[in-house]
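Just so you know, the protein sequences line up as chains A and B, in that order.
Using our numbering, the letters of the first sequence map in sequence onto residues 1 to 639.
Using our numbering, the letters of the second sequence map in sequence onto residues 640 to 809.
In this text, a Cβ means the ideal position worked out from N, Cα and C, and glycines have one as well.
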Amino acid sequence: MTSSTTGVVAGERFAALREHAEAVYAAWRHPERPRIDVAIDTSSLASGAGATRAALERVAADRNAAVDLGRNHGYGMQWLQPLVTITWPDGTSVLYGPVRPEDAPSIVDEATGRVGAAAALASGVLAGDRPGIPSVREHPFFANEPRERRLLRNIGLTDPESLEHYIGSGGYRAVGRMLERHQQPEQVRQLLIDAALTGRGGAYFPTGVKWNFLAGAPTDERYLVCNADEGDPGAWVNRVILEGDPHLLIEGMVFGGFATGARHGFIYIRDEYPLAVERVDQAIRQAEAAGLLGEDILGSGFRFTLEVIRGAGAYVCGDETGLLSSISDMRGQPRIKPPFPAVSGVFFKPTNVNNVESYSNAPFVLRNGPEWYQAEGTEEMHGTRLFTFSGDIPRAGFMEVPFGTPLPALLEACGGISGGRGLGALQSGGPLGSLLPGAVLPTLDTTLNAFRAHGGSLGSGGMIFMSDETCPVHFNEFIADFVEEESCGRCTTCHHGNQRMTEVFRRIIDGGGRREDRHNLEMIDTTIQNSNCQHGQLSPTVMRNTLRHFAPTYDAHVAGHACPTLTCEGLTRFRVVDQSDPRLPEAVDICPVDAFRGAEGDWEILDDRCIRCGACTDVAPRGVAREPVPARPALVPVG
Amino acid sequence: MPLETEARAQVRALIADLKPNDGDLLIALHRVQHRYGYISREAMEVVAEQLDLFAAEVYGATTFYSEFRLEPPAATTVRWCSGPACRLRNGTGIRDAMLATLGLQTLGEQTADGRVGLTVGQCNGTCELAPQVWVDRTEDHSSRVVGQLTAARAVRLARALRDGTDADDV
Ligand SMILES: Cc1cc2nc3c(=O)[nH]c(=O)nc-3n(C[C@H](O)[C@H](O)[C@H](O)COP(=O)(O)O)c2cc1C
Ligand code: FES
Numbered sequence: 001m002t003s004s005t006t007g008v009v010a011g012e013r014f015a016a017l018r019e020h021a022e023a024v025y026a027a028w029r030h031p032e033r034p035r036i037d038v039a040i041d042t043s044s045l046a047s048g049a050g051a052t053r054a055a056l057e058r059v060a061a062d063r064n065a066a067v068d069l070g071r072n073h074g075y076g077m078q079w080l081q082p083l084v085t086i087t088w089p090d091g092t093s094v095l096y097g098p099v100r101p102e103d104a105p106s107i108v109d110e111a112t113g114r115v116g117a118a119a120a121l122a123s124g125v126l127a128g129d130r131p132g133i134p135s136v137r138e139h140p141f142f143a144n145e146p147r148e149r150r151l152l153r154n155i156g157l158t159d160p161e162s163l164e165h166y167i168g169s170g171g172y173r174a175v176g177r178m179l180e181r182h183q184q185p186e187q188v189r190q191l192l193i194d195a196a197l198t199g200r201g202g203a204y205f206p207t208g209v210k211w212n213f214l215a216g217a218p219t220d221e222r223y224l225v226c227n228a229d230e231g232d233p234g235a236w237v238n239r240v241i242l243e244g245d246p247h248l249l250i251e252g253m254v255f256g257g258f259a260t261g262a263r264h265g266f267i268y269i270r271d272e273y274p275l276a277v278e279r280v281d282q283a284i285r286q287a288e289a290a291g292l293l294g295e296d297i298l299g300s301g302f303r304f305t306l307e308v309i310r311g312a313g314a315y316v317c318g319d320e321t322g323l324l325s326s327i328s329d330m331r332g333q334p335r336i337k338p339p340f341p342a343v344s345g346v347f348f349k350p351t352n353v354n355n356v357e358s359y360s361n362a363p364f365v366l367r368n369g370p371e372w373y374q375a376e377g378t379e380e381m382h383g384t385r386l387f388t389f390s391g392d393i394p395r396a397g398f399m400e401v402p403f404g405t406p407l408p409a410l411l412e413a414c415g416g417i418s419g420g421r422g423l424g425a426l427q428s429g430g431p432l433g434s435l436l437p438g439a440v441l442p443t444l445d446t447t448l449n450a451f452r453a454h455g456g457s458l459g460s461g462g463m464i465f466m467s468d469e470t471c472p473v474h475f476n477e478f479i480a481d482f483v484e485e486e487s488c489g490r491c492t493t494c495h496h497g498n499q500r501m502t503e504v505f506r507r508i509i510d511g512g513g514r515r516e517d518r519h520n521l522e523m524i525d526t527t528i529q530n531s532n533c534q535h536g537q538l539s540p541t542v543m544r545n546t547l548r549h550f551a552p553t554y555d556a557h558v559a560g561h562a563c564p565t566l567t568c569e570g571l572t573r574f575r576v577v578d579q580s581d582p583r584l585p586e587a588v589d590i591c592p593v594d595a596f597r598g599a600e601g602d603w604e605i606l607d608d609r610c611i612r613c614g615a616c617t618d619v620a621p622r623g624v625a626r627e628p629v630p631a632r633p634a635l636v637p638v639g
Numbered sequence: 640m641p642l643e644t645e646a647r648a649q650v651r652a653l654i655a656d657l658k659p660n661d662g663d664l665l666i667a668l669h670r671v672q673h674r675y676g677y678i679s680r681e682a683m684e685v686v687a688e689q690l691d692l693f694a695a696e697v698y699g700a701t702t703f704y705s706e707f708r709l710e711p712p713a714a715t716t717v718r719w720c721s722g723p724a725c726r727l728r729n730g731t732g733i734r735d736a737m738l739a740t741l742g743l744q745t746l747g748e749q750t751a752d753g754r755v756g757l758t759v760g761q762c763n764g765t766c767e768l769a770p771q772v773w774v775d776r777t778e779d780h781s782s783r784v785v786g787q788l789t790a791a792r793a794v795r796l797a798r799a800l801r802d803g804t805d806a807d808d809v
């Protein structure tokens, strides 16, 4: 076959796929009878979507109701999970949440004509119009999203397990066109460079430039790798794409393979995301069956295959060189760079590694062009990125915002800090990222420079807002313990330095802080930075932020032996403050270490038994209170 | 090559389709653990033979990843979320309360009767339910989230699991 005929074949094959898919998708958007979709994703399932779905099935069957049941991915408002969507034949879709099993009858009523039966649960209109219910796009949580979602365009509107829905809503079209028109690999790479798409794994390196490195490799045996290890606690942006729109990632990787000359790719997904593993694996098989992956994609002669690798719980495998070791049948220890992956990657062959969201942006650039891509964002950082929000906020969930979105607006979208408290700290970029004080919030937006100005990092999508009742010193023990546990163990600077850092923080929160600890921590900081990989190099950054931005709080712990928020175990104690609290007997009973002594009207807590777990204050908040430990004699300063 | 035993033959059959230099090591270890609940020394040797690795390399990898166990798990394992959102809501108190209730010194241990273990878990992005633990049952590979915990509820959950009473509506 000549190249012009392969192009015609590819065009025809795709047109056939598309025609069928568009019909399926149109029927999904305008069903013959009302359809109730239950969000099925990790978050909804944790909130009980399985039981909700079972209850809806039961009610619909009992009443012989003229409805169908379907599935989608939650729209982003995770605090309202389990989310349920009703779509009527006229194409109107309304989102409801939280829908508990006992709400099933009203949801079925609502779907079958008694409109208003579930009015109290309505969270917004997804498509069409419904008098009295505002569009979900007007919900304050989404106030900062662009008018049209990009990466999230299918989320909540399609069945994530349907290839037809993906194609029917515009997916793979750019692949079909690329093969039909014989676009050249260098043209594809140039489009990404023109768009200035940058890596979303946290370093924001230009993706097109990286693809150029692999395209220039001296051998044909080369690989594409997707980093879906997403290890930063509090970040789950990749999970949303993997579970909610897996074909978007696959399409992006097809472009990656085409543009770099790689013929096989690995998608390395963390073990904590079993549903993502399942959905991506299924999507790969669907794409293979449709001829969109495989030995001869759409009859064009272009070969590209994909497979999923499931991780096994190692944060450091998120570092691209650790990831490469892990795929290559070795323990997931990071390697020293250079050589870079484009020279020596999977099994020491040239390889390109990108984050899920980096690949997932490629189809949009290819579909709509670099100018369209750059219409969102700032002069320096173009496009949008996904963020997940958690912590002391009433609205936890995910959203897509243009680069340059002010952080105060994002906190407002999340409903501010719970209980009317102030923002104490913002954690971004995971354990290797930053901890910034609430006071700098007005100067922050979602750009690298805004965060760098304070020694912080924008990171890869996770944002944790902490109230002013959070102790930053106590939080550091979590970070120190994490980076120590996840050290690969090669560099003494890293595994031992982080061990020392953890010990120092443990001692401080136990009430044994010393004046020289600041000096100790600073010395640990400069030493760990000499580790070979970025895990070590970046592991002291949160501690550094803390010493710089939270100095008075830190000093209170060390010099004054006081934890202002009464969090640190060694600086706080529990005491019975109101003997008349009728719930005290319950507190006595719940104590897991039997620390209460006395009798009714005369309870006391043995301080050396108490482990400060707080179970007693949970049940008797009036009777038992935390209070500062009495001041100790100051230690003699050393050195 | 060590003598072929029935146990070794079983493991060999389980991973018969896996190949050297193909990125199959993690797949092999996951399969073994899924089947047996842990990865025995014997299984590591068979994996090594199948993938043309040294047994020491397989041992190195097995011990590197926190998900792989070298000992059989407890009947029920409570995975305590160590993540930030859970941490902000008395996560450490919840951890310590469960350790004390179960009579364990640190995470990673299990009760002497093998009924309950407590291990560290990682945030999976369901922080709207923080603070939480996952209750994993070895027998049927099921996993249940128990969210919006308090230390008091954690004590009740741990007591129920420890004593074998109904833990479902704690
Ligand atoms: C310890 C460590 C963990 C990392 N974890 C991740 C991760 O989970 N996901 C990710 O995409 N990048 C992670 N990175 C960054 C990767 O090394 C790499 O920069 C990224 O995958 C490149 O993709 P991108 O250019 O598309 O951002 C991590 C880096 C380090 C040092
Ligand atoms: S921090 Fe525990 S689920 Fe996210």
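Length-filtered (3 minimum) beta strand (DSSP E) runs lying within the region 516-591 of chain A: 572-576
Throw me the rounded Cβ distance for the P711/B and G676/B pair, which I believe falls under 8 Å. Working through the second sequence from its first residue, we reach residue 711/B at position 72. Working through the second sequence from its first residue, we reach residue 676/B at position 37. Their Cβ separation, rounded to whole angstroms, is 5 Å, which keeps P711/B and G676/B in contact under 8 Å.
Cβ neighbours of T219/A in the same chain (closer than 8 Å, five flanking residues each side left out): If you number the first sequence from 1, residue 219/A lands on position 219. Same-chain partners within the cutoff: K349 and P350.
Mark T804/B as exposed unless 16 or more other C-beta atoms lie within 10 angstroms of its C-beta, in which case mark it buried. Position 165 of the second sequence holds residue 804/B. Exposed: under 16 other Cβ atoms inside 10 Å.
Which value, in whole angstroms, describes the spacing of the CA atoms of P160/A and R150/A? One-based indexing of the first sequence puts residue 160/A at position 160. One-based indexing of the first sequence puts residue 150/A at position 150. The straight-line gap from Cα to Cα measures roughly 16 Å.
Touching by the beta-carbon criterion (3+ pairs, under 8 Å), the region 750-768 of chain B and the region 365-379 of chain A: no
Between the region 588-607 of chain A and the region 771-786 of chain B, do three or more beta carbon pairs fall short of 8 Å? No, the region 588-607 of chain A does not touch the region 771-786 of chain B.
So, at 7 Å on beta carbons, what are the nonlocal neighbours of G391/A in its own chain, with the 5 sequence-adjacent residues on each side left out? On the first sequence, position 391 is the one that residue 391/A refers to. Same-chain partners within the cutoff: I464, F465 and M466.
Helix, strand or coil, according to DSSP, for V4/A in the structure here? On the first sequence, position 4 is the one that residue 4/A refers to. Position check: residue 4/A holds Ser in this sequence, whereas Val was assumed. If DSSP states are grouped into helix, strand and coil, S4/A belongs with the helices.
Distance between S44/A and G11/A (C-alpha atoms, nearest Å): Residue mapping note: residue 11/A aligns to position 11 of the first sequence, counting from 1. Residue mapping note: residue 44/A aligns to position 44 of the first sequence, counting from 1. Computed Cα separation, rounded: 39 Å.
Inter-residue Cα distance where the pair is D229/A and I167/A: One-based indexing of the first sequence puts residue 229/A at position 229. One-based indexing of the first sequence puts residue 167/A at position 167. Approximately 27 Å between the Cα atoms of the pair.
Check the C-beta distance from I155/A over to D245/A and give it rounded, since I have them as a contact under 8 Å. Within the first sequence, the letter at position 155 stands for residue 155/A. Within the first sequence, the letter at position 245 stands for residue 245/A. That pair is a contact at about 6 Å.
Quick one: list the residues of chain B neighbouring V593/A, beta-carbon separation under 8 Å, in chain order. Stepping through the first sequence from its first residue, residue 593/A is reached at position 593. The answer, in chain order, is A739.
If the cut-off is 9 Å on Cβ atoms, which residues from the region 319-335 of chain A count as contacting chain B, listed in chain order? S326, I327, S328, D329, M330, R331, G332 and Q333
Cβ shell of H672/A (< 7 Å), same chain only, five flanking positions each side left out: Residue 672/A lies beyond the stretch modelled for chain A, which goes from 1 to 639, so this question has no answer here.
Could you give the uninterrupted runs of the alpha helix (DSSP H) lying entirely in the region 109-184 of chain A, keeping only those of 4 residues or more? 163-168 and 173-180
Of the residues V650/B, N729/B and S782/B, which one's Cα is nearest the Cα of T715/B? For this step, residue 715/B is matched to residue 76 along the second sequence. Of the listed residues, the one whose Cα sits closest to T715/B is S782/B.
Touch check for the region 613-626 of chain A and the region 567-581 of chain A: three-plus C-beta pairs under 8 Å? yes
Which whole-angstrom value describes the C-beta separation of T6/A and S300/A, a residue pair presumed to lie in contact below a C-beta threshold of 8 Å? Here the question's residue 6/A lines up with position 6 in the first sequence. Here the question's residue 300/A lines up with position 300 in the first sequence. About 5 Å separates the two Cβ atoms, so the contact holds.
In three-state DSSP terms, what is S344/A? Within the first sequence, numbered from 1, the residue matching residue 344/A stands at position 344. Three-state result, S344/A: coil.
For Q427/A, which three-state DSSP category applies? Here residue 427/A corresponds to residue number 427 of the first sequence, with the count starting at 1. In this structure, Q427/A counts as strand in the three-state DSSP scheme.
Proximal residues of chain B, C-beta to C-beta of I464/A below 7 Å: Taking the first residue of the first sequence as 1, we reach residue 464/A at position 464. Under the 7 Å cutoff, chain B gives P723 and A724.
In its own chain, which residues sit with a C-beta less than 6 Å from the C-beta of F213/A, not counting the 5 before and 5 after it? The residue you call residue 213/A lines up with position 213 of the first sequence. Cβ neighbours of F213/A beyond the five flanking positions: A342.
Assuming E307/A and F266/A make a contact with CB atoms under 8 Å, what is their CB distance in whole Å? In the first sequence, residue 307/A corresponds to position 307, counting from 1. In the first sequence, residue 266/A corresponds to position 266, counting from 1. About 6 Å; that satisfies the 8 Å criterion.
Can you tell me whether S811/B is helix, strand or coil according to DSSP? What the structure shows of chain B is the stretch from 640 to 809, and residue 811/B is not part of that stretch, so it cannot be assessed.
Proximal chain A residues relative to Q675/B, where beta-carbon distance stays under 9 Å: As a first step, residue 675/B is located in the second sequence; it is residue number 36 there, counting from the start. Just to set this straight, residue 675/B is Tyr in the shown sequence, not Gln. Simply none; closest approach about 15 Å.
Assuming P406/A is part of the alpha helix (DSSP H), what are its boundary residues? As a working mapping, residue 406/A is identified with position 406 in the first sequence. Going by DSSP, P406/A is part of no alpha helix (DSSP H) at all; its letter is neither H nor E.
Taking any Cβ of chain A, which residues in the region 702-713 of chain B have a Cβ under 7 Å from it, in chain order? F703, Y704, S705, E706 and F707
Rounded separation between R801/B and D109/A - CA only: Residue mapping note: residue 801/B aligns to position 162 of the second sequence, counting from 1. Residue mapping note: residue 109/A aligns to position 109 of the first sequence, counting from 1. Approximately 44 Å between the Cα atoms of the pair.
Report the rounded CA-to-CA distance for I327/A versus Y268/A, giving the unit in angstroms. In the first sequence, the residue the question calls residue 327/A occupies position 327. In the first sequence, the residue the question calls residue 268/A occupies position 268. Approximately 8 Å, taken between the alpha carbons.
Could you tell me whether any non-hydrogen atom of ligand 1 is closer than 7 Å to the CB of Y315/A? Mapped onto the first sequence, residue 315/A falls at position 315. Indeed, a heavy atom of ligand 1 lies less than 7 Å from the Cβ.
When you compare only the Cα positions, how much space is there between Q286/A and V280/A? If you number the first sequence from 1, residue 286/A lands on position 286. If you number the first sequence from 1, residue 280/A lands on position 280. Each residue's alpha carbon lies about 10 Å from the other.
Could you check the C-alpha separation between G397/A and E412/A for me, to the nearest Å? As a working mapping, residue 397/A is identified with position 397 in the first sequence. As a working mapping, residue 412/A is identified with position 412 in the first sequence. Cα-Cα distance, rounded: 13 Å.
Do V254/A and V175/A have their C-beta atoms within less than 8 Å of each other? Locating residue 254/A in the first sequence gives position 254, counting from the first residue. Locating residue 175/A in the first sequence gives position 175, counting from the first residue. It is a contact, given that the beta carbons lie within the stated cut-off.
State the Cα-Cα distance for the pair G639/A and T541/A, rounded to the nearest angstrom. Counting from one through the first sequence, the residue named residue 639/A turns up at place 639. Counting from one through the first sequence, the residue named residue 541/A turns up at place 541. Reliability of the predicted coordinates at G639/A is poor, the pLDDT of 43 falling under 50, and no value is obtained from them.
What three-state label does DSSP hand T388/A in the structure shown? Working through the first sequence from its first residue, we reach residue 388/A at position 388. Residue state, collapsed to three classes: strand.
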